[in-house]
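> What follows is a structure written as structure tokens; I'll ask about it next.
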């Protein structure tokens with residue numbers, strides 16, 4: 017009876033894991049240069065590489081790996097996931113980026129609702145009212 021229970025549990029887990037689908041990331045793949053962060057209560061926060069004194073790059077790979085560089089030096093790497101989450105501004109299901117390692121860089125949003133807002137421009141929004149959004153441009 018115990019063996020039958022193990023076989024059933026294994027089959028159930030195998031079926032569930034095979035049904036997990038990665039959300040398309042093809043438009044996000046590349047190296048993205050952080051350009052600015054804006055928002056906050058009354059839209060009073062405005063950060064740029066010049067105001068923070070650092071250049072930050074986010075690289076997203078097709079195989080769901082990421083790396084973050086600060087002033088040309090790799091400071092973090094790992095995996096990322098994309099899930100669907102209701103965005104507070106559009107009230108629609110949108111892709112939500114979550115890094116495997118919760119790393120904070122002051123003034124830059126690295127996890128949240130992620131979208132291409134215009135050609136070669138990526139936005140990551142923290143999905144909070146009076147929240148922040150960071151913009152990135154595709155590296156040439």
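Numbering (the numbering used here), first residue to last: 17 to 156.
All residues carry an ideal CB built from backbone N, CA and C; glycine is no exception.
#1: Could you tell me the alpha carbon to alpha carbon distance between residue 114 and residue 42, rounded to whole angstroms?
#2: State buried or exposed for residue 99, treating a residue as buried only when at least 16 other CB atoms are found within 10 Å of its CB.
#3: Could I get the ranges of all uninterrupted beta strand (DSSP E) runs contained in the segment 77-107, with 3 residues as the minimum, in chain order?
#4: Considering only heavy atoms of the ligand GDP, does any lie closer than 7 Å to the CB of residue 83?
#5: Mark residue 27 as exposed unless 16 or more other C-beta atoms lie within 10 angstroms of its C-beta, in which case mark it buried.
#6: Looking at residue 129 and residue 108, is the spacing between their C-beta atoms short of 8 Å?
#7: Going by the CB atoms, is the gap between residue 61 and residue 148 shorter than 8 Å?
#8: Can you check the segment 113-141 for any beta strand (DSSP E) of at least 3 residues that lies completely inside it and give the ranges in chain order?
#9: Start and end of the alpha helix (DSSP H) containing residue 68?
#10: Roughly how many whole angstroms lie between the Cα atoms of residue 58 and residue 145?
#11: Using the rule of at least 16 other Cβ atoms within 10 Å of the residue's Cβ for burial, across every protein chain shown, is residue 132 buried or exposed?
#12: With distances taken Cα to Cα, identify the nearest neighbour of residue 143 among 47, 48, 50 and 54.
Quick answer:
#1: 16 Å
#2: exposed
#3: 81-86 and 89-102
#4: Within the structure as shown, the ligand GDP is missing, as the structure has no ligands at all.
#5: In this prediction, residue 27 has a pLDDT of 45, which is less than 50 and means its spatial position is unreliable; what the coordinates show is noted afterwards. Label assigned to residue 27: exposed.
#6: no
#7: yes
#8: 128-134 and 137-141
#9: 65-68
#10: 11 Å
#11: exposed
#12: 54
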